[in-house]
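In full-length UniProt numbering, the protein residues as written are 1 to 176.
Put into structure tokens, the structure is as follows:
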């Protein structure tokens with residue numbers, strides 16, 4: 001499928017992932033870890049970024065050319081898609097995120113403005129809730145590693161997850 005590179009976007013919805021036999025929780029964990037890195041290491045809100053499935057980076061035989069951040073979680077293989085990875089694009093709308101309560105609000109709004117890319121909480125169907133639970137668990141784990149237990153903002157990831165679970169700030173009836 002990835003033999004020819006194209007910048008065309010094709011949506012891949014959760015029901016399509018299920019039909020293709022793709023593990024949606026795997027992709028949810030990758031997105032969660034990426035978001036944790038953006039928030040707590042890069043200190044940006046992640047507003048309007050796009051996650052896309054794409055071919056993996058070409059491999060090299062020279063270990064000095066291998067990026068030190070390469071991890072096994074970044075490459076997947078499936079029958080319908082072959083070997084692929086998740087790339088993240090479009091950082092142009094990302095903004096610096098203050099490490100205070102206003103930054104949590106900014107990240108919360110960015111989460112819900114980001115089209116329906118991220119798994120959403122509070123689904124009625126348990127199968128639809130699984131990607132959110134995987135996302136939440138990995139976001140909290142990655143955040144704890146990035147921030148460390150002694151960091152004065154170590155509780156911020158939990159605050160953000162709670163706000164996300166409380167609901168969409170852009171939904172009818174929610175106060176902005």
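Each residue gets a CB set at the ideal place from its N, CA and C atoms; glycine is no exception.
Between which residues of its own chain and residue 123 is the CB-CB distance below 7 Å, once the five residues before and five after are set aside? 129, 132
Beta-carbon proximity list for residue 111, same chain, < 7 Å, skipping 5 on both sides: 118, 164
Limits of the beta strand (DSSP E) - the one that residue 160 falls within: Counting along the chain, residue 160 falls outside any beta strand (DSSP E), though it belongs to the alpha helix (DSSP H) covering 156-166.
Boundaries (first-last residue) of the beta strand (DSSP E) holding residue 54: 50-54
Taking the beta carbon of residue 20 as the centre, do at least 16 other beta carbons fall within 10 Å, making it buried, or is it exposed? exposed
Three or more C-beta pairs below 8 Å linking the stretch 147-155 and the stretch 44-56: Judged by Cβ distances under 8 Å, the stretch 147-155 makes no contact with the stretch 44-56, as fewer than three pairs qualify.
Quick check on residue 105: does DSSP put it in helix, strand or coil? Residue state, collapsed to three classes: helix.
Around the C-beta of residue 15, are 16 or more other C-beta atoms found within 10 angstroms, so that it is buried, or is it exposed? exposed
CB contact flag (residue 33, residue 142, <9 Å): yes
Using the rule of at least 16 other Cβ atoms within 10 Å of the residue's Cβ for burial, across every protein chain shown, is residue 13 buried or exposed? exposed
Can you say whether residue 157 is buried or exposed, counting buried as having 16 or more other CB atoms within 10 angstroms of its CB? buried
Give me the DSSP bridge partner(s) of residue 96. Assignment of beta-bridge partners to residue 96 by DSSP yields 44.
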